[in-house]
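Engineer: Right, I'll just put the structure down here and ask away after.
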Amino acid sequence: GAGVSQTPSNKVTEKGKYVELRCDPISGHTALYWYRQSLGQGPEFLIYFQGTGAADDSGLPNDRFFAVRPEGSVSTLKIQRTERGDSAVYLCASSLAGGLNEQFFGPGTRLTVL
Amino acid sequence: SQQGEEDPQALSIQEGENATMNCSYKTSINNLQWYRQNSGRGLVHLILIRSNEREKHSGRLRVTLDTSKKSSSLLITASRAADTASYFCATPDSNYQLIWGAGTKLIIKP
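As they're listed, the protein sequences go chains S and R.
Position 85 of the first sequence, counting from 1, maps to 88 under our numbering, and the rest follow consecutively.
Position 1 of the second sequence, counting from 1, maps to 3 under our numbering, and the rest follow consecutively.
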């Protein structure tokens, strides 16, 4: 079946603008994760959903970042008042049931804040 | 925060040679996972080794785990140009979130 998809693949925005990044997980996967990856670094955990609820949002850097998953499938990561330091690749992953199950990653969205 | 630290940071070898990458971590773990990331593409899960395992194989990949030294190694035998990628180790924390190292960039020269 289809893997995890993310849109857009690239997003360029200006400082101060609002952006939304979308993730379509693998069908049937109840767990969904958002990560952020800066150049030359490993991914950094942002938030984890189990179903519709955010089970762990401890990785969100500040209150400008917010994510939703209203129907337990597609998730949207929202960034308000973007800053240049938000520039990174935002990765989404899903897994069958969370916990220690293998995570399947999407190709990421490259966000550039000018 | 990063749990794993890979070394070397970069590795360049000839096609056909073996490539070895190492990962060290700080806290006790349930398992350790290795992922590959090709340029411009997402992360692909390669292999998972549990804390009670010492060695695991998958095709040309061999992973070892030494919990006493808090380290793991990934060996790729008979390397191919398609193995050129960045390789990351990751371990789940107490909340099951994966904590990642900075990765090893592997270049296979034809």
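From the three backbone atoms N, C-alpha and C, an ideal C-beta is built for every residue, glycine too.
Computed from a predicted model, the values in this text were never measured in an experiment.
Anything in chain R within Cβ reach of E105(S), meaning under 8 Å, just list it in chain order.
Structural biologist: The contacting residues are Q35, H47, L50.
Engineer: In whole angstroms, give me the CA-to-CA distance for S90(S) and T115(S).
Structural biologist: Cα to Cα, S90(S) sits roughly 5 Å from T115(S).
Engineer: Around the C-beta of R39(S), are 16 or more other C-beta atoms found within 10 angstroms, so that it is buried, or is it exposed?
Structural biologist: Under this definition R39(S) is a buried residue.
Engineer: Report yes or no: is there a C-beta of chain R within less than 9 Å of the C-beta of P46(S)?
Structural biologist: True, the Cβ-Cβ gap to chain R drops below 9 Å.
Engineer: Tell me whether E17(S) is buried or exposed, calling it buried when 16 or more other Cβ atoms sit within 10 Å of its Cβ.
Structural biologist: E17(S) should be labelled exposed.
Engineer: Counting contacts by CB-CB distance shorter than 9 Å, is I101(R) in contact with chain S?
Structural biologist: Yes - at least one Cβ of chain S is within 9 Å of the one on I101(R).
Engineer: On the DSSP letters alone, give me the boundaries of the beta strand (DSSP E) that D9(R) sits inside.
Structural biologist: Element bounds for D9(R): 7 to 9.
Engineer: For R67(S), which option in L80(S), E74(S), G75(S), T55(S) has the closest C-alpha, if you only look at C-alpha atoms?
Structural biologist: Checked all of L80(S), E74(S), G75(S), T55(S); the closest Cα to R67(S) is L80(S).
Engineer: Would A80(R) pass as an interface residue toward chain S - the criterion being a Cβ-Cβ separation below 9 Å?
Structural biologist: Not closer than 9 Å to any Cβ of chain S, the Cβ of A80(R) fails to qualify, so no.
Engineer: Tell me the rounded alpha-carbon separation between A83(R) and I110(R).
Structural biologist: A83(R) and I110(R): Cα-Cα distance of roughly 5 Å.
Engineer: Is the CB of G61(R) under 9 Å away from at least one CB in chain S?
Structural biologist: Not an interface residue.
Engineer: Can you confirm whether the segment 88 to 99 of chain R touches the segment 32 to 39 of chain R when touching is taken to mean that 3 or more C-beta pairs between the two stretches lie within less than 8 Å?
Structural biologist: Output reads yes: the segment 88 to 99 of chain R touches the segment 32 to 39 of chain R.
Engineer: Could you tell me whether any Cβ in chain R is nearer than 9 Å to the Cβ of G54(S)?
Structural biologist: Taking Cβ atoms only, chain R never reaches closer than 9 Å to G54(S), which makes this a no.
Engineer: Please tell me whether A34(S) and Q106(S) are closer than 9 Å, where the distance is taken between their beta carbons.
Structural biologist: It is a contact, given that the beta carbons lie within the stated cut-off.
Engineer: Kindly indicate the opening and closing residues of the beta strand (DSSP E) around E57(R).
Structural biologist: Its beta strand (DSSP E) spans residues 57 to 60.
Engineer: Between T106(R) and Q11(R), how many whole angstroms is the CB-CB distance? I'm expecting something under 8 Å.
Structural biologist: The pair is a contact, with the Cβ atoms about 6 Å apart (cut-off 8 Å).
Engineer: How many whole angstroms separate the CB atoms of P11(S) and T112(S), which I take to be in contact at a CB cut-off of 8 Å?
Structural biologist: That belief holds up - the Cβ atoms of P11(S) and T112(S) are roughly 6 Å apart, short of 8 Å.
Engineer: Are there 16 or more other CB atoms within 10 angstroms of the CB of S41(S), so buried, or fewer, so exposed?
Structural biologist: Label assigned to S41(S): exposed.
Engineer: Looking at the secondary structure, which residues open and close the beta strand (DSSP E) in which P94(R) lies?
Structural biologist: Start and end: 87 to 94.
Engineer: So does the segment 23 to 33 of chain S actually touch the segment 91 to 104 of chain S, counting three or more Cβ pairs closer than 8 Å?
Structural biologist: At 8 Å Cβ cutoff, the stretches touch.
Engineer: Using DSSP with H/G/I as helix, E/B as strand and the rest coil, what is A21(R)?
Structural biologist: If DSSP states are grouped into helix, strand and coil, A21(R) belongs with the strands.
Engineer: D59(S) CB to nearest chain R CB: under 9 Å?
Structural biologist: So, interface residue.
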